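Chains as they are written, first to last, in numbering that gives the first Met the number 0: chain Y, 0 to 487; chain Z, 0 to 495; chain W, 0 to 94. The structure appears right after this line, and notes come after that.
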Amino acid sequence: MDIVELTVTALAERVRGRQLSAVEVAQAYLARIAELEPTLHAFITVDAEGALAAARALDLRLARGEDVGPLAGVPIALKDIFVTQGLRTTCGSRILADWVPPYEGTPSARLRAAGAVVLGKANMDEFAMGSSNENSAFGVCRNPWDVDRVPGGSSGGSAAAVAGRLCLGALGTDTGGSIRQPAALCGVVGIKPTYGRVSRYGVIAFASSLDQVGPIARTTEDAAALLEVIAGHDPLDATSLPQPVGRYREACRRGVRGLRIGVPAEYFAAGLDPEIETAVRAAIDQLAAQGAEVVDISLPHTKYAIATYYLLCTAEASSNLARYDGVRFGLRAARPRDLRDLYSRTRHDGFGPEVRRRIILGTFALSAGYYDAYYAKGQRVRTLIRQDFSRAFERCDVIVVSTLPIMVFKLGERLDDSLQMYLADIYTISCNLAGLPGLSLPCGFSRQGLPIGLQVLGPPLGEEQVFAVAGSYEQAHDWHRRVPEVRR
Amino acid sequence: MTMAMTMAKTMAKTMAKTMAKTPWEVVIGLEVHVQLATQTKLFCGCSTQFGAPPNTNVCAVCSGQPGVLPVLNAQAITFALKLGLATGGTIRRRSRFARKNYFYPDLPKGYQISQYDEPLVEGGAVEIWYEGQPRSIGLTRIHLEEDAGKNVHLATGAASLVDLNRAGVPLIEVVSEPALRAPEEAAEYMRTLRGIVRALGICDGNLEQGSLRCDANISLRPWGQQALGTKVEVKNINSFRFVQKALEYEIERQGGLLTRGQTIQQETRQWNAEGGRTESMRSKEEAHDYRYFPEPDLPPVMIEEGLIDAVRAALPELPLQRRQRLMEQDGLSEYDATELTRESELTDYYSRAVAAGALPKRVANWMLTELLSRVTDARDVAQAPVAPAGLAELLGLLESGKVSGKLAKEIWAKMWDSGRTALQIATEGGLFQQSDSGAIEQAVRAVVDAHPDRVADYRAGKTKLMGWFVGQVMQATQGKANPQLVNTLLTQLLDG
Amino acid sequence: MKISPEQVQKVGELARLQLSVDETAALAEQLSRLVEHFEQLDELDTAAVEPTSHVLPLGCPERPDVTVASLARELVLSQAPLHEDGYFVVPKIID
């Protein structure tokens, strides 16, 4: 039995049944990390000591006959955006390079309470701003399928760690595709739940009205198991949904018979890589063969999504990032002349170029004289995009599209052109603007052996339908069983 | 004369009075920040207690740590609704929080959570009593927001210190229309507002702790001109006296500039209490651009009809209503009623003493002289060592003639120090007034018989000697004789 | 709309971000391109469209006014680059 090939459920069962100790599991994964981390750089911080201590504590409790929870011994990587008390949390930024938080956030606390073991903090684009992980202040992370290529972003480290078997599951955040896009590029499963489904308390904010937490895992059922633990109402987050959590694992086996799958013409337009289109269309045919009904739908405002998204997310970010001022935590410029100098230099030195660019853009979009033309306009178009989806979901139960229009690109290839980089987010951002659940899972490999992602979108709180479609598709394939051979 | 004519005449008189002073009409609007008396902060569970050691009432949320989120305090909403309903404002069924973005060390998140274009309350008015007239001062809005922390400026050295205990404490901002016309009126408006929020129990009213802080907008314009003059904002004034002084200073300053043909700079100034002047805040002169936008971390606040009804039904009587009632029902003078309704504690004390059977007028007199002279702050009467019923008992003895006014004051002093009742003190000290006409008559006769020469003088027309005779009798009875009876008997004997 | 280096500089001051001359020029060019792309939204008539600030059909939840223990002051100050006598320290504030 290869410990690192066990699924979440199988592993937790063995640990709970004491056929396998949590310490053995942690050691097996820490060994993988020791071997591959120098190449992949999926982590900003590996907490071997903390992981082993947590595993030992679990084993002790299990020996006493205690129930340690459904994720007993499951080794997890947390994107370094999750606030972990006593464990350095950087958000991929120089400005928080040495921040040791005084409190613990809700998603990580729920994972720990369910028996999961945190191995470390995963690499990411600084403040979750980026689609390639190249904006990390702690060095680039590499794609396990081809180490010359990006793992995607912003949860690139999380996806790479899952794909490379450096952890069994990971948490990421998704503001415009930051879970689904790296999951697609690394050939794993990632879901962004309905806005408000998972608490954002203790998740460093990028764009508050769009940010949502979700799991990244190797299979849909693993992702479902993790989501069942982290989802649910949190009184510490006023935007958290009060509805009961769905039965996601069960939904994975429900099948698609009778489900209506919407296929929007706008997502198969010019710009879509032909190899990707072929794989996605084949997946839709496959689902039809499994009993789903395919419906043509239209999402006419899709082409406005990029503009809308970047106006809103940069505006919110410009405000969310105001707290990094060198006073209460984080980096502080040396020998400031005065207060203004302290602020301006701390923030210039602490933030990387992409974060600075977005702060400037967002500040501009909110500033006097431009608010109505930019920010308020974006909010109105956001309504139109939401309405597109409401109308579409009258005719279908889920929407199936590609996760992104292009193949995974090489490190450095797109760094110079932010607009081109932003445009590649076209298939993932509408989902955030409308607050919908969206899942990406592998649906094949290109001729070059690069993973291709299939995206399933559902109506608000339609996670079960989404899992049903993903689970049904996954049963007919073994894409998720392929293990990347990391070439050092 | 019709009512309208009377009013017109009064207005003309007021105008003439003001115009005599200055050729400019003064236009004032106040923004008063009222600190709410909640247990916890607006968006986290930290205590709002005043005076704690620096940075001890601080958590991850109110210190703006990365990743934290605000959760709204229900009581703050109820408190704001109370004031909104008490002032007759319109409650927005859906209101919204917004972020006001600016950098300052006492603002941990780099933005203040406030309300912008969808405040909780719109309209309404504060009724004030000014120069013997009722005046209704219109309100623009009332909204909720969080307070900032405190910067401590060290006189020496190059550093300032930041204490976040106050960061996140709930405030309501009460914005008046530019409806005030004089510094005294502005002070009276603020005083009245303080009375209202105290009566509602939503603010402790401690000015010295900054529980009410005021920004004043003031402009001058020639009489009769419609358009408003250039507005100057004077920031952070925390007492009634300073509001008045700061505005008086501004009228002088702006009037002087205008008279010399100069223009007024639109600017923000601050009140320098030591220097007794306002000063330009040059460092804040840079263009303000707060970049307000809806707070994404808080969904819109939906107020249900049921809550509005419940809050409305539980509204207590407001100071001005109390004042009216005290005048109409109890027959108190305008002065007494005004003074007794300045603080809820005074009105409560008064009402309980009257309920215990004392005469309203006597209670009022006693309280405004004997009671108030014994406390440093009128609000302390709630903890006075003599309870309202105790005062009522003393006033009962006075009323029935059992003790004299002079002795009553002595008894009061003893009650205050010992906590014993008036009856106990009077009985044990033998301080009851003699109203037995036989015994007093004896004393009167004794005095008259002992001073035949004075009697002769009196009868010869020196009627002023009556006071001397009374004094002699009182002395002979150790002050216990009922002075009225003494007077009557003396008159009978001397005149008869 | 073209965004000038002066505008970038002004926005940089609002955002308290020091920007070098080169950076300001580069940002002006990049932002101009982005803003030009954003102006495609002008094609849409949104006069009658309500803005979305929250996707949830939720009202604002409220918590009871009950005190929760604050953080220990050592913890609050532990991450501050500069603190003294229980206070955070900043360069002298001049009003």
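A virtual CB, placed ideally from N, CA and C, is assigned to each residue, including glycine. Treat the numbers as computed from the prediction; the structure is a model and nothing was measured.
Subject >> Y/H347: first and last residue of the uninterrupted alpha helix (DSSP H) it sits in >> reply: 338-349 is the extent of the alpha helix (DSSP H) around Y/H347.
Original post:
Given that a residue counts as buried once 16 or more other Cβ atoms are within 10 Å of its Cβ, and exposed if not, what is Z/N222?
Top reply: Position check: residue 222 of chain Z holds Trp in this sequence, whereas Asn was assumed. Z/W222 is exposed by the Cβ-count criterion.
**OP:** Using a Cβ-Cβ cut-off of less than 8 Å, list which residues of the region 35-53 of chain Z approach chain Y; keep chain order.
**Re:** For chain Y, none of the residues of the region 35-53 of chain Z brings a beta carbon within less than 8 Å of one of its beta carbons.
Subject >> Chain-ordered residues of the region 195-213 of chain Z with a beta carbon less than 9 Å from chain Y >> reply: Result list empty, no residue passes.
Original post:
Counting contacts by CB-CB distance shorter than 8 Å, is Z/P482 in contact with chain W?
Top reply: Answer no: the Cβ-Cβ gap between Z/P482 and chain W never drops below 8 Å.
**OP:** Taking 8 Å as the threshold, find out whether the region 104-113 of chain Y comes into contact with the region 181-193 of chain Y through three or more Cβ pairs.
**Re:** No, the region 104-113 of chain Y is not in contact with the region 181-193 of chain Y.
Original post:
When Cβ atoms are compared, which residues of the region 32-47 of chain W fall closer than 9 Å to chain Z?
Top reply: Per Cβ criterion, the list is empty.
**OP:** Return yes when the Cβ of Y/R164 is within less than 8 Å of the Cβ of Y/V407, no when it is not.
**Re:** The beta carbons of Y/V407 and Y/R164 sit no closer together than 8 Å.
Original post:
Do the region 109-126 of chain Z and the region 82-101 of chain Z touch if we need at least three Cβ pairs shorter than 8 Å?
Top reply: Three or more beta-carbon pairs drawn from the region 109-126 of chain Z and the region 82-101 of chain Z are found closer than 8 Å, and the two stretches are therefore classed as touching.
**OP:** Assign Y/L209 to one of three DSSP states: helix, strand, or coil.
**Re:** Here Y/L209 sits in coil by DSSP.
Subject >> Residue-chain proximity (W/V67, chain Z), Cβ-Cβ < 8 Å >> reply: By the rule that beta-carbons nearer than 8 Å mark a contact, W/V67 touches chain Z.
**OP:** Would you kindly work out how many angstroms separate the C-alpha atoms of Z/D452 and Z/K413, rounded to a whole number?
**Re:** Z/D452 and Z/K413 have their C-alpha atoms spaced approximately 41 Å apart.
Original post:
Looking at chain W, which residues of the region 327-346 of chain Y have a Cβ within less than 8 Å of any of its Cβ atoms?
Top reply: Taking 8 Å as the Cβ-Cβ cut-off against chain W, the residues of the region 327-346 of chain Y that qualify are R327, F328, G329, L330, R331, P335, R336, D337, L338, R339, D340, L341, Y342, S343, R344, R346.
Original post:
If we count Cβ pairs, one from each stretch, closer than 8 Å, do we get three or more for the region 344-356 of chain Y versus the region 217-235 of chain Y?
Top reply: With the cut-off at 8 Å, the region 344-356 of chain Y and the region 217-235 of chain Y do not touch.
Original post:
So the alpha helix (DSSP H) Z/K244 belongs to, where does it begin and stop?
Top reply: 239-258 is the span of the alpha helix (DSSP H), which, as asked, contains Z/K244.
Subject >> Chain-order list of residues whose beta-carbon lies under 6 Å from that of Y/L19 (same chain, five-residue window excluded) >> reply: Excluding sequence positions up to five before and after Y/L19, its CB lies within less than 6 Å of the CB of R13, all in the same chain and listed in chain order.
Original post:
Can you tell me where the beta strand (DSSP E) with Z/S219 in it begins and where it stops?
Top reply: Checking the sequence shown, residue 219 of chain Z turns out to be Leu, not Ser. Its beta strand (DSSP E) spans residues 211-221.
Subject >> Contact list for Y/G245 against chain W, beta-carbon separation under 8 Å >> reply: None at all; the shortest Cβ gap to chain W is about 17 Å.
Original post:
In the DSSP assignment, what residue or residues form a beta bridge with Y/P263?
Top reply: As DSSP reads the structure, Y/P263 sits in a beta bridge with Y/I296.
Subject >> Start and end residues, alpha helix (DSSP H) containing Z/T77 >> reply: Element bounds for Z/T77: 73-85.
Original post:
Does DSSP put Y/L365 in a helix, a strand or coil?
Top reply: Note: Y/L365 maps to helix in three-state DSSP.
**OP:** Identify whether Y/C442 lies in helix, strand or coil by the three-state DSSP scheme.
**Re:** Under the three-state reduction of DSSP output, Y/C442 falls in the strand class.
**OP:** Please classify Z/S113: does DSSP put it in a helix, a strand, or coil?
**Re:** Shown here, Z/S113 sits in a strand according to DSSP, grouped into three states.
Subject >> Length of the line joining the Cα atoms of Z/V402 and Z/Q423 >> reply: Distance between the alpha carbons of Z/V402 and Z/Q423: 13 Å.
**OP:** Please name the residue, chosen from Z/I263, Z/M473, Z/D146, that lies closest to Z/D105 on a Cα-to-Cα basis.
**Re:** Nearest in C-alpha terms to Z/D105, of all of Z/I263, Z/M473, Z/D146, is Z/D146.
Original post:
Among the residues of its own chain, which have a CB less than 7 Å from the CB of Y/Y200, if the five just before and after it don't count?
Top reply: Hits under 7 Å: G104, T105, D233, L235, D236.
Original post:
Distance, Cα to Cα, Z/A226 vs Z/G254?
Top reply: Answer to the nearest angstrom: the Cα atoms are 17 Å apart.
**OP:** Could you confirm whether any beta carbon from chain Y is found closer than 8 Å to the beta carbon of Z/D335?
**Re:** No - not a single Cβ of chain Y is within 8 Å of the one on Z/D335.
Original post:
Given that W/P63 touches chain A, what residues does it touch there, using C-beta distances under 7 Å?
Top reply: The structure shown has no chain A; the protein chains it does contain are Y, Z and W.
**OP:** Please list, in chain order, all residues of the same chain as W/L81 whose beta carbon is under 6 Å from its beta carbon, the five residues on each side excluded.
**Re:** The beta carbon of W/L81 lies closer than 6 Å to those of V88 in the same chain, with the five residues before and after it left out.
Subject >> Cβ contact check for the region 224-231 of chain Y and the region 242-249 of chain Y: 3 or more pairs under 8 Å >> reply: Remark: three or more beta-carbon pairs, one from each stretch, lie closer than 8 Å, so the region 224-231 of chain Y and the region 242-249 of chain Y are flagged as touching.
**OP:** Scan the region 314-340 of chain Z and note each continuous beta strand (DSSP E) run of 3 residues or more that stays entirely inside, going in chain order.
**Re:** For the region 314-340 of chain Z, not a single whole beta strand (DSSP E) run of length 3 or above is found.
Original post:
Mapping DSSP to helix, strand and coil, what is Y/L320?
Top reply: Looking at Y/L320 - three-state DSSP - the assignment turns out to be helix.
Original post:
With burial defined as no fewer than 16 other Cβ atoms inside 10 Å of the residue's Cβ, what is the status of Z/Q224: buried or exposed?
Top reply: It is exposed - the Cβ of Z/Q224 has fewer than 16 other Cβ atoms within 10 Å.
**OP:** Throw me the rounded Cβ distance for the Z/A377 and Z/L371 pair, which I believe falls under 8 Å.
**Re:** That pair is a contact at about 6 Å.
Original post:
Based on the DSSP output, what are the partners of Z/Q471 in its beta bridges?
Top reply: Answer by DSSP bridge pairing: none, since Z/Q471 is not bridged.
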